[in-house]
Every structure is written in structure tokens, then in C-alpha cells.
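Read in my numbering, the sequence shown has 472 at position 466, and its numbers run on one by one without any break.
No residue lacks a Cβ here, since even glycine has one placed at the ideal position from N, Cα and C.
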Amino acid sequence: MNNKEKIANLIFPNVNETISDLENRYPKRNLDNDAIVTRFAPSPTGFLHTGSLFASLVSQRFAKQTNGVFFLRLEDTDQKREIEGSGQMVVKQLESFSVIPDESFITGGNYGPYVQSERKGIYHIVIKEMIENDLAYPCFCTHDELNEIRKYQEENKLLPGYYKEFAKCRKLTDEEVIHKIENGESYVIRFKSNGDPEKRVDLFDAIRGHIQFPENIQDIVIMKSDKLPTYHFAHAVDDHFMRTTHITRGEEWMSSVPIHLELFDALGFEKPIYCHLPVIMKLDDGKRRKLSKRKDAEASVEYFLERGYPIEGFLEYLMTLANSNFEEWRIQNPDEDIFNFKLSFEKMSLDGALFDVEKIKSISKVRLAHMSAKEFTQNALNYAKKYDKKLEEIIEFDYDYFMSIINIERDQPKPRKDYEKYSDVLPIIGFMYDDLYSELINEGVTFNERFEKELLISILEEYKLKNGLTLNQEEWFGNLKEMAINRGFAARGKDFKKNPDKFIGTVGDYAEILRLATCGKKNTPNFYSILTILGSQRVNERIDNTIKQLKG
Ligand code: GLU
7 MNNKEKIANL IFPNVNETIS DLENRYPKRN LDNDAIVTRF APSPTGFLHT
57 GSLFASLVSQ RFAKQTNGVF FLRLEDTDQK REIEGSGQMV VKQLESFSVI
107 PDESFITGGN YGPYVQSERK GIYHIVIKEM IENDLAYPCF CTHDELNEIR
157 KYQEENKLLP GYYKEFAKCR KLTDEEVIHK IENGESYVIR FKSNGDPEKR
207 VDLFDAIRGH IQFPENIQDI VIMKSDKLPT YHFAHAVDDH FMRTTHITRG
257 EEWMSSVPIH LELFDALGFE KPIYCHLPVI MKLDDGKRRK LSKRKDAEAS
307 VEYFLERGYP IEGFLEYLMT LANSNFEEWR IQNPDEDIFN FKLSFEKMSL
357 DGALFDVEKI KSISKVRLAH MSAKEFTQNA LNYAKKYDKK LEEIIEFDYD
407 YFMSIINIER DQPKPRKDYE KYSDVLPIIG FMYDDLYSEL INEGVTFNER
457 FEKELLISIL EEYKLKNGLT LNQEEWFGNL KEMAINRGFA ARGKDFKKNP
507 DKFIGTVGDY AEILRLATCG KKNTPNFYSI LTILGSQRVN ERIDNTIKQL
557 KG
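Now the structure itself:
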């Protein structure tokens, strides 16, 4: 046994497998040549960030488009930052957006474990072999020693870090190393870089093209003192053995690529294709900045979920962020499944996608308007079950009745865009339920003060639906107009404007009186449909109720 093997054995006495065993354990995936394997690799540190949903959606789409695989790997090696349960929560939130990984720590798969802390054994096999081959070494430097190095580098305006002449432990003899380990000194494992500061490496990024960087020269830590790997090392090992073909991740990782390329080379692993996704930006006081988890409520997808934005609208919005030609395609294919649009790396924006809540709202309105009443009702119920008890109660009280309200002016070539999100439903149509109507009426209805109480009462008395609502919409409106004209209201706003003294108001004013009495508010979806759904008995009860109130 040579000295390097001795050191490796002292550090990992129970590791018997080799990199080649791992190659056999995780064979190349049996997929078509152009199939893309992507992953989403969240750290369990909190809610799903809007930017992460974007990244995972894009990753999933590329895999699906090519009959590839999209998997989820939980990166929990920074155990100090971990928030208990947040890994499960992120998966749940992804599921609500139908971004469901083919393999994960929940569903399993042949390339697991899918949680990094459970992959310790794999990292140790690789590190042991790296030590044996003089590609890695233990470093015993204390915090104080590292601080001293940093201070010296700062004072002398030198590149900070642990490299070349500053890599003290690289110079220890094997005997010294063995002695320190046997003495129980604490250590981390560092990668032995052979980078040359004068040389450059070429990165091909599928989104950004060719980029050159100076070679890495740092002896980065690959295993911490808690025996868990660092991000850089775990990325190389995991994405190699999990057979990821395309690394779709945030652009903040781009500057680390030289480290990753050197690691892949040293380990003899085939390099993946990097695809550094644009960071989602926000306009703040006219300036662009990163959408921040700390400053912006909308940086968490939960913000949109709890307000009831339709999933379909949010996903469609993210597709507009992903590819600049998506919107044009959407105009030509307004009702097609958005996932029939083929995403491409080349059309990805490079300089940060600008997050635009107004656009999410307008897309959501269109999506909600284009849903069938059945779909809308089911989605609203799913939303309500989680976030809105009252809405849930109302839908479940009479599912079909709710659906008929939602169906107002829906089944037509240009459906009305009444709702932006499910939480809009109650404020807009709550009055269709007698208890919520009573609440509105009890707050008091404000009629236009131009009209005397007596006139209002007499109009309402006259309007009561004596024989039910048998007319079609056109006849009904004709009839309403006639009654209004007979009372001295002008048929058209124009006529009233010209001759305000001749009329007491317009047909619009007349209809508003009826609407206020039956709905408790001025703005409602189509009034005729409302009357039909309420039915004449309830309409008349509501009118009587209002008359009673007017009489005080
Ligand atoms: N765990 C890393 C992060 O959350 C993942 C980066 C990557 O996708 O490789 O930033």
C-alpha cells in the first residue's frame, strides 16, 4: 500500500467500492440520442421561489419535448440552512403547477438516492479514489489560519483564496498528514487544482454560446468537516452518475463553471451541456434588480397560489418569459395547450427576464375566461379547499348552481373577462347567495339621490316579475326599456344629454335601480342571466325586501 492509499484508508476505512463500480451501478440511461435529461436541484431552505418554478418548468419542458427525463434532487448538504419539511413543500408546490418530476426522493428512480445527504457513500467512494490518485488532499487549516491568509491577500491586493503558494496543506508530507489524522485533527478535503492563471477555458453554454474564462486555480473544498460534499463537488458527481445531459440552472452559477470543468476533467467524466437560465428581474423605481425573496412578496409562488391566480395563467406567463417567440405563437394558437409550443435554448432571453405582475393578471383573465364553467368550478373548489372556507362552502352548497353563475356569458366566441383570480369570485358574484346578498343590503343600498323614494318604490313594485321570466333576453330588454320610457326615462344617453330637463334619467339609470334592488350592487355580470338564475320568486323577494327597507 503506498502512502496516498494509506491516507485514503485512514479517512475512509469502510469504503471498498470504486468509481468504476459506480459507473456500473448507474449505467447510461437508455434513451434516444437527442433525449435531454434535466434536473431541478432545490435546497430545502424555504418556499418555492418564482425563479425556481421558472427554472424547473423550463427544465421539465426540455426533457418532455425530447422524451427525456426530468428529475428532482434535494440538495441538503448545508444542514445549518435547512428548514424542516421545506423539501416536501417545494415538491407539493411544484405539483400544484403540474411540474411533476419523473424521479425524485418521493417517487424514487434508478439513479437515487435523490437527497444529497443520503448520497454520502457515493461521494466518499469518489473522494477516496481522488486521494489515492493525488487529486485531492486533506486540509487541516483552522479558521484563524484561513483568516490570516485572507488578510495577507487583501493587504497585498492578491486574488483571495486557497491556491498555489497559499495552499499550505498541499505541501505537507504524507507522513505529516498521516500523523495529523491519527492525532484526531479536524480536516476538510480539498481538490488539487492544476489550473494555470495564464490560460483560459472555453465554455459552451446552450443559451449564451461560447464564453471564455480564466482557468480555475483554487484548491476548493470538496468535502466539509461534517463529511458532506460542497455544491461544486456534488454537482460533478451527482450530475455525472445521475446522467444529467443539460445543466439548467440560474446564471449565478456561471462564474463557477471553470471549477466544474476542471473537476469533470480530473475525474474523467464526460462534460454536460450547461444552460444558464436568466435571472428574473424586477423594475424597482425605474431600476432593474433581481426579484428578491426577502424584499418581494411575489418572489414566492405561494403569493400567487394563495390569491388564486389560475395555474394555467401563471405557467403561460412563465412561458412568455422563457422564449421571446412564445407570444406570437400564442396569438396564432389561442386555445392550444401551451406545452405544444417547442421551447428552444436559442430564444431564451440573456439579460434577465423582467417580472411583470400586470401581465400575469391580464393573461390570467384571458385563461379564466376561456375555461369551461366546469373546469373553472373544479379549479375554484380546489383553490377554496385550501385557501377560502367561505368559497368552499358556497360551491359545495350547490355545485351546479355555482357553475351556472360562472357560466354567465362564458359559452360564446368572446367570453367576458370577469375574473382575474379565484379569490375574485365571491366579491363579484357573492350576492347570488342569499346570506351574502343580505349582508350587502344590510350595509344599505345607495340609490342615485336624484330619484325620490316614492318613485323608486313604485318602479320596483311595477317591475316585480309577475309571471316568471319567460321572455328571451331581447324581448326582456325591450320590455324593460318600454317600462322605463313610460316612466319618463330617455331611451338613449344621448337623448338625455341633449335634453336633460325632458327626462328623469336614462334606461341605464332605470336598470341600475332594478340591479341595485336584486343584487345589492351596481356592477354585476349580465343582469338578464342573473334574473334567470335567481328565478322570479327570489327576485321578487329581494325587490320586496328593498321596498321594505326604502319605506324604512
Ligand atoms: N442547490 C442549488 C441551488 O439551490 C442548485 C443549483 C443547480 O441547479 O445546480 O442554488
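- Contact between the stretch 52-60 and the stretch 29-43 is absent: fewer than three C-beta pairs spanning the two stretches fall below 8 Å.
- The secondary-structure analysis by DSSP pairs G114 across a beta bridge with S110.
- C-alpha of I137 to C-alpha of L16: approximately 11 Å in a straight line.
- Judged by DSSP secondary structure, H241 falls outside any beta strand (DSSP E) and instead within the alpha helix (DSSP H) spanning 237-247.
- Each of L442, E171, L466 was checked against the Cα of K554, and the nearest Cα belongs to L466.
- Between I463 and G484, the alpha-carbon positions lie close to 22 Å from each other.
- Taking 8 Å as the upper bound for CB-CB distance, L63 and L321 are in contact here, some 7 Å apart.
- Just measuring C-alpha positions, the residue of L234, F60, N478 sitting nearest E81 is L234.
- In this structure, the beta-carbon distance from L269 to F239 falls below 8 Å.
- Nearest to S65 by C-alpha distance, out of C525, T254, N73, is T254.
- Less than 8 Å divides the Cβ of T83 from the Cβ of S123.
- Beta-carbon to beta-carbon, S199 and D180 are separated by about 19 Å, too far to satisfy the 8 Å threshold.
- If you check the CB distance, G314 and Y393 come in under 8 Å.
- For N478, the secondary structure class from DSSP, reduced to helix, strand or coil, is coil.
- Closest in C-alpha terms to T251, from the list T72, Y469, E547, comes T72.
- Taking a C-beta distance under 8 Å as the contact criterion, V545 and L471 qualify as a contact pair.
- Secondary structure of C147 (DSSP, three-state): coil.
- In the DSSP assignment, the residues bridged to F210 are H216.
- Counted as a single uninterrupted DSSP element, the alpha helix (DSSP H) harbouring I463 occupies residues 459-469.
- Its Cα nearest to that of N22, the residue G127 stands out among Q85, F103, G127.
- Taken through DSSP and simplified to helix, strand or coil, M7 comes out as coil.
- Every unbroken stretch of the alpha helix (DSSP H) spanning 4 or more residues and falling wholly within the stretch 285-362 is given here in chain order: 307-313, 317-328, 332-338.
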